[in-house]
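Undergrad:
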Amino acid sequence: MAGAKFEYDEKGTTFYYFLISFYALVLIPLTYYVWNNIKNTEDKKKTKRECNCPPCQEKRHHIRKREPKTKTLKYLSITVIVILWIVFFAGAYKISQFDRDFAEYDPYAVLEIDRVTSVAEIRRQYRSLSKKYHPDKETGDPRKFMRIAKAYEALTNEESRKNWEEHGNPDGPGATSFGIALPSWLVSKENSMWVLAAYGLAFMIILPISVGTWWYKSIQYSCDQILLDTTQLYYYFFHKTPAMQIKRILMILAGSLEFEKGHNGEVQERVTDNIEIPQLMRDLPNLGDKNKEPPLCYPYSIKARSLIHAHLGRMELPPETLKQDLHLILKKGPMLIQEMINCVAQLIAMAKAGRTSNMPRLDTVENVMKVCPMLVQGLWDNKSPLLQLPHLNQENLRHFTTKKRNIRSIRQLISMREDERRALLRGLGEEEYQDIINVCWMLPSVEMSVRAHDKTLITVGDIVTISTTLKRRVLGEFFDDEEAEQQPPTEEQTETRPEDKDSPKPQKVWLKNKKKGKKAKPNKQQKDEKEDEKKENDDKNNDSDDGEEGDEEKDDKIDSGEEDSGDEGSGPGDSDGENDKTESNTKSPEEDEEEWERLQADVKNIESVLETKSKETYPVHAPYFPLEKQEWWWIYVTDRRKTALITPPSQVCTLRNEEEVELKFQAPEKPGTYYYTVTLRSDSYLDCDVHQNFKV
Numbered sequence: 001m002a003g004a005k006f007e008y009d010e011k012g013t014t015f016y017y018f019l020i021s022f023y024a025l026v027l028i029p030l031t032y033y034v035w036n037n038i039k040n041t042e043d044k045k046k047t048k049r050e051c052n053c054p055p056c057q058e059k060r061h062h063i064r065k066r067e068p069k070t071k072t073l074k075y076l077s078i079t080v081i082v083i084l085w086i087v088f089f090a091g092a093y094k095i096s097q098f099d100r101d102f103a104e105y106d107p108y109a110v111l112e113i114d115r116v117t118s119v120a121e122i123r124r125q126y127r128s129l130s131k132k133y134h135p136d137k138e139t140g141d142p143r144k145f146m147r148i149a150k151a152y153e154a155l156t157n158e159e160s161r162k163n164w165e166e167h168g169n170p171d172g173p174g175a176t177s178f179g180i181a182l183p184s185w186l187v188s189k190e191n192s193m194w195v196l197a198a199y200g201l202a203f204m205i206i207l208p209i210s211v212g213t214w215w216y217k218s219i220q221y222s223c224d225q226i227l228l229d230t231t232q233l234y235y236y237f238f239h240k241t242p243a244m245q246i247k248r249i250l251m252i253l254a255g256s257l258e259f260e261k262g263h264n265g266e267v268q269e270r271v272t273d274n275i276e277i278p279q280l281m282r283d284l285p286n287l288g289d290k291n292k293e294p295p296l297c298y299p300y301s302i303k304a305r306s307l308i309h310a311h312l313g314r315m316e317l318p319p320e321t322l323k324q325d326l327h328l329i330l331k332k333g334p335m336l337i338q339e340m341i342n343c344v345a346q347l348i349a350m351a352k353a354g355r356t357s358n359m360p361r362l363d364t365v366e367n368v369m370k371v372c373p374m375l376v377q378g379l380w381d382n383k384s385p386l387l388q389l390p391h392l393n394q395e396n397l398r399h400f401t402t403k404k405r406n407i408r409s410i411r412q413l414i415s416m417r418e419d420e421r422r423a424l425l426r427g428l429g430e431e432e433y434q435d436i437i438n439v440c441w442m443l444p445s446v447e448m449s450v451r452a453h454d455k456t457l458i459t460v461g462d463i464v465t466i467s468t469t470l471k472r473r474v475l476g477e478f479f480d481d482e483e484a485e486q487q488p489p490t491e492e493q494t495e496t497r498p499e500d501k502d503s504p505k506p507q508k509v510w511l512k513n514k515k516k517g518k519k520a521k522p523n524k525q526q527k528d529e530k531e532d533e534k535k536e537n538d539d540k541n542n543d544s545d546d547g548e549e550g551d552e553e554k555d556d557k558i559d560s561g562e563e564d565s566g567d568e569g570s571g572p573g574d575s576d577g578e579n580d581k582t583e584s585n586t587k588s589p590e591e592d593e594e595e596w597e598r599l600q601a602d603v604k605n606i607e608s609v610l611e612t613k614s615k616e617t618y619p620v621h622a623p624y625f626p627l628e629k630q631e632w633w634w635i636y637v638t639d640r641r642k643t644a645l646i647t648p649p650s651q652v653c654t655l656r657n658e659e660e661v662e663l664k665f666q667a668p669e670k671p672g673t674y675y676y677t678v679t680l681r682s683d684s685y686l687d688c689d690v691h692q693n694f695k696v
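With full-length UniProt numbering, letter number 429 in the sequence shown gets 429, and the count goes up by one each step, no holes.
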């Protein structure tokens, strides 16, 4: 290719083809993205149910203040998209008007005759056109005349006609030329310095500065956009204090470096803070402003702590100063709390592995989770959950607990008869009462069922898989529930939904064991008696089924191992023999059906992993939270008897109607029957937690 010569696009037609193609590749996805965002925003406005309580109206007012910017951006985006499409169609039209440089040569078209024309007619047409376009004539056209002469020769000369028919060219086969789709001015000598300067500016100055700036900022944050310094701060304090109360957690949350101006440019430090913050601190008891631990004693931390306490007390703040600072704290609050949970869970895992000495307690993890709905609802955890409803205050709650009634939860309130509920809220107007009913309809009520995979085949140290099915309902379905009115459910009865009637209630047994250890033997005897009765009934019904008898013997062996797990006599050798005996027996139809269900569940799990779900669930009624909050949940397994966290809390962000979550943990080192609790905790509402007990 020594003689190869590159040809650039002199006319610019090829470059325009390349440019319009690349332009379309960018414009089409951009149009889809803008249109999809506008459509989703309009759909949310149509389907949204609004509460008309004063805090909700104030929240919508602040959101509308930001709407002019949103509307301006929306209309600007639409205008830009329309202009870009106009430019695209204009460019496409211009390209369509270009001459076809590589058009197929057709002598019949040049002579303006049909392909079936005879040679005599070709000569006659040639003479006619030659007279018309001869250069010596007034209507002459030299270029047109040359094309006519070439076309006449191609159709009358046998050799030229053969070349045209075989190669498409009367002169015979020719070399194919390819050009580069760049305009010639881009590589001309006159513009070489400008082009070189543009390349140097783009790739040697702008690109390194942009990459360096991005890298410097990104190395300060984790994948969840949390400052690494904040994460280290959480690790330090939670390792230092394994048992942490809520007020201490709020103090550490306020010490997050996201609220310090040096790490976050959104933070504003005003001169008025020196006047407003001390005045606010005087009205806040138990603020802990005497603490001398850095950074908890720094001004930014004290300011953030004061604003959080004021928010939980629902105190009025200056709207143009401290209220804006509080909104910044609340926007980052749920994200920082999730990071706290991750840190505590990792510290617990490290302590179990022997890598650290202080293991955070289960109460610490759950207290951290309680902080999130506290921030969302603007309410202390020791206050009544009824205050999450609009128009209710402490004065109204005095009528909820009397000698005739004891209403302490939202579930109990909506389970009342309509006339009694209206009489209880007679101090409210009709619109205010309707707001309460609307909010109650929105609140979630989750039903949870737990199933252990291969529960009869769990061995020591095995991985236990727990399938948890969550079904979300609304509390509005429980209106006019007279049964709930007659027997008002307590917190434990509402949240705990045991499936196995024969299994004891673990919490009450554990509490008795903690207070009076001597009552363990009667519980064991009662348990053994129940198991013996159950075994006798099963033997009568299944005398001929050897496989099921082997399973029952194995279950009895494991159940008795809970109390005798420390004896050396119940070693793994006995259980291995029973396992061999069970495996040697033929599987019953029930076992085959269970195995088929497990296989189907595995297939569904694989499909659910591959499926991408939206994290938009249901909007939360949170008038004191500056943003639109979605319902999310935490789910985890605990051992309430040992007050231990078994699985790290997993965040459920896709629960709309029904969701299945798998939790895995390692079986204990000693054989026996162990009782665990699956807990589902809301990150948006107080008193919406669900507990489900199970045993392995």
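All residues carry an ideal CB built from backbone N, CA and C; glycine is no exception. Small disclaimer: the values here were computed from a predicted structure and weren't measured.
For asparagine 37, which of Pro390, Ala345, Met350, Ser77 has the nearest alpha-carbon?
TA: Here residue 37 refers to the residue found at position 37 of the sequence shown. Among Pro390, Ala345, Met350, Ser77, the Cα nearest to that of asparagine 37 is on Ser77.
Undergrad: With a 10 Å radius around its C-beta and 16 neighbouring C-beta atoms as the bar for buried, classify aspartate 689 as buried or exposed.
TA: Residue mapping note: residue 689 aligns to position 689 of the sequence shown, counting from 1. Aspartate 689 is buried by the Cβ-count criterion.
Undergrad: Just to confirm my understanding: we take aspartate 574, look at its own chain, exclude 5 residues before and 5 after, and list those with CB closer than 6 Å. What are they?
TA: Here residue 574 refers to the residue found at position 574 of the sequence shown. With a pLDDT of 44 at aspartate 574, under the threshold of 50, the modelled position of that residue is not reliable, and no figure is offered here.
Undergrad: Exposed or buried, what is histidine 311 when buried is set at 16 or more other beta-carbons lying within 10 Å of its beta-carbon?
TA: By one-based count along the sequence shown, residue 311 stands at place 311. Buried, by the Cβ-count rule.
Undergrad: Could you check the C-alpha separation between proline 54 and leucine 296 for me, to the nearest Å?
TA: If you number the sequence shown from 1, residue 54 lands on position 54. If you number the sequence shown from 1, residue 296 lands on position 296. Cα-Cα distance, rounded: 35 Å.
Undergrad: Indicate whether the contact test is met: 3 or more Cβ pairs, each with one atom in the region 291-306 and one in the region 337-352, closer than 8 Å.
TA: Taking 8 Å as the limit for Cβ pairs, the verdict is that the region 337-352 does not touch the region 291-306.
Undergrad: If the criterion is Cβ atoms closer than 8 Å, does the pair valine 368 and isoleucine 337 meet it?
TA: Within the sequence shown, residue 368 is the residue found at index 368, counting from 1. Within the sequence shown, residue 337 is the residue found at index 337, counting from 1. It is a contact, given that the beta carbons lie within the stated cut-off.
Undergrad: What does the alpha-carbon distance come out to for the pair glycine 265 and tryptophan 380?
TA: Start at 1 with the first residue of the sequence shown, and residue 265 comes out as number 265. Start at 1 with the first residue of the sequence shown, and residue 380 comes out as number 380. Taking the straight line joining both Cα atoms gives about 30 Å.
Undergrad: Is serine 188 helix, strand or coil by DSSP?
TA: Within the sequence shown, residue 188 is the residue found at index 188, counting from 1. Coil, per DSSP.
Undergrad: Of all the options Asp462, Arg361, Glu420, Trp215, which has the alpha carbon lying nearest to the alpha carbon of threonine 643?
TA: Locating residue 643 in the sequence shown gives position 643, where the first residue counts as 1. Checking every option, the nearest Cα to that of threonine 643 belongs to Arg361.
Undergrad: Please classify tryptophan 85: is it buried, with 16 or more other beta-carbons within 10 angstroms of its beta-carbon, or exposed?
TA: As a first step, residue 85 must be located in the sequence shown, where it is residue number 85. With fewer than 16 other Cβ atoms within 10 Å, it is exposed.
Undergrad: Which residues mark the beginning and the end of the beta strand (DSSP E) in which asparagine 693 is found?
TA: Reading the sequence shown from its first residue, position 693 is the one you call residue 693. Asparagine 693 -> beta strand (DSSP E) spans 690-695.
Undergrad: Give me the residue from Trp215, Gln268, Lys292 with the minimum Cα distance to isoleucine 252.
TA: Reading the sequence shown from its first residue, position 252 is the one you call residue 252. Comparing Cα positions, the closest option is Lys292.
Undergrad: Expressed to the nearest angstrom, what Euclidean distance is found between the alpha-carbon atoms of cysteine 223 and glutamate 631?
TA: Your numbering for residue 223 matches position 223 in the sequence shown. Your numbering for residue 631 matches position 631 in the sequence shown. Each residue's Cα considered, the two are about 22 Å apart.
Undergrad: What is the DSSP secondary structure of glutamine 666, counted as helix, strand or coil?
TA: Position 666 of the sequence shown holds residue 666. Of the three classes helix, strand and coil, the one that applies to glutamine 666 here is strand, per DSSP.
Undergrad: Considering only their Cβ atoms, is the gap separating cysteine 653 from proline 390 smaller than 8 Å?
TA: Here the question's residue 390 lines up with position 390 in the sequence shown. Here the question's residue 653 lines up with position 653 in the sequence shown. Result no, Cβ atoms of proline 390 and cysteine 653 do not sit closer than 8 Å.
Undergrad: Helix, strand or coil: how does DSSP classify arginine 451 here?
TA: Reading the sequence shown from its first residue, position 451 is the one you call residue 451. DSSP places arginine 451 in strand when its eight states are reduced to three.
Undergrad: Which residues in the same chain have their Cβ closer than 8 Å to the Cβ of proline 242, if we skip the five residues on either side of it in sequence?
TA: Taking the first residue of the sequence shown as 1, we reach residue 242 at position 242. Closer than 8 Å at Cβ, skipping near neighbours: Asn358, Met359, Pro360, Arg361, Thr364.
Undergrad: Kindly give me the distance between the Cβ atoms of glutamate 376 and leucine 250, rounded to whole angstroms, as I take these residues to be in contact under 8 Å.
TA: The residue you call residue 376 lines up with position 376 of the sequence shown. The residue you call residue 250 lines up with position 250 of the sequence shown. Rather than glutamate, the amino acid found at residue 376 in this sequence is valine. Incorrect: roughly 14 Å between the Cβ atoms, too far for contact.
Undergrad: Which runs of the alpha helix (DSSP H) spanning at least 4 residues fall entirely within the region 245-332, listed in chain order?
TA: You should have 246-254, 273-282, 299-312.
Undergrad: With DSSP run on the structure shown, which of helix, strand or coil describes isoleucine 28?
TA: Position 28 of the sequence shown holds residue 28. Here isoleucine 28 sits in helix by DSSP.
Undergrad: How is isoleucine 209 classed by DSSP in three states: helix, strand or coil?
TA: Locating residue 209 in the sequence shown gives position 209, counting from the first residue. In this structure, isoleucine 209 counts as helix in the three-state DSSP scheme.
Undergrad: Are valine 195 and isoleucine 148 closer than 8 Å when you measure CB to CB?
TA: As a position in the sequence shown, residue 195 is number 195, starting the count at 1. As a position in the sequence shown, residue 148 is number 148, starting the count at 1. No, the pair does not count as a contact, with Cβ atoms beyond the cut-off.
Undergrad: Under a three-way DSSP split, which group does serine 96 fall into?
TA: Along the sequence shown, one-based indexing puts residue 96 at 96. It is helical.
Undergrad: DSSP three-state call for arginine 60: helix, strand or coil?
TA: Residue mapping note: residue 60 aligns to position 60 of the sequence shown, counting from 1. Correct three-state label for arginine 60: helix.
Undergrad: So is lysine 629 buried or exposed if we call it buried at 16+ other beta carbons inside 10 Å?
TA: Counting from 1 along the sequence shown, the entry for residue 629 is found at position 629. Its Cβ being crowded by 16 or more others within 10 Å, lysine 629 is buried.
Undergrad: When the Cα of leucine 257 is compared with those of Leu280, Leu233, Asp273, Lys240, which residue comes out closest?
TA: The residue you call residue 257 lines up with position 257 of the sequence shown. When only C-alpha atoms are compared, the closest one is Leu233.
Undergrad: Give every residue of the same chain whose Cβ lies closer than 8 Å to the Cβ of arginine 115, excluding the five residues on either side of it in the sequence, and list them in chain order.
TA: Reading the sequence shown from its first residue, position 115 is the one you call residue 115. Tyr108, listed in sequence order.
Undergrad: Buried or exposed for serine 415, going by 16 or more other Cβ atoms inside 10 Å?
TA: Along the sequence shown, read from residue 1 onward, the residue named residue 415 stands at position 415. That one is buried.
Undergrad: Check each candidate in Lys131, Phe22, Tyr133 and name the one with the smallest Cα separation from glycine 91.
TA: For the purposes of this step, residue 91 is taken as the residue at position 91 of the sequence shown. Selected option, being the one with the closest Cα: Phe22.
Undergrad: Report yes if the CB atom of residue 701 is closer than 8 Å to the CB atom of threonine 468, and no otherwise.
TA: In this structure the chain extends from 1 to 696, so residue 701 is not present and cannot be described.
Undergrad: Leaving out the 5 sequence neighbours to the left and right, which residues in its chain are closer than 7 Å to aspartate 435 when beta-carbon positions are compared?
TA: The residue you call residue 435 lines up with position 435 of the sequence shown. Only Cys51, Asn52, Cys53, Pro390, His391 meet the Cβ criterion.
Undergrad: Could you name the residues of the same chain whose beta carbon sits closer than 6 Å to that of tyrosine 235, not counting the 5 residues immediately before and after it, in chain order?
TA: To locate residue 235, count along the sequence shown from 1; it is residue 235. Cβ neighbours of tyrosine 235 beyond the five flanking positions: Cys343.
Undergrad: Kindly indicate which residue of Ile646, Gly313, Asp683 has the alpha-carbon position closest to the one of proline 668.
TA: Within the sequence shown, the letter at position 668 stands for residue 668. Checking every option, the nearest Cα to that of proline 668 belongs to Ile646.
Undergrad: If you compare alpha carbons, which of Tyr93, Ile95, Val34 is closest to lysine 74?
TA: Here residue 74 refers to the residue found at position 74 when the sequence shown is read from its first residue. Residue Val34 is the option with its Cα nearest to lysine 74.
Undergrad: Would you kindly report the start and end of the unbroken beta strand (DSSP E) that includes lysine 471?
TA: Here residue 471 refers to the residue found at position 471 of the sequence shown. It spans 463-474 - the beta strand (DSSP E) in which lysine 471 sits, taken as one unbroken run.
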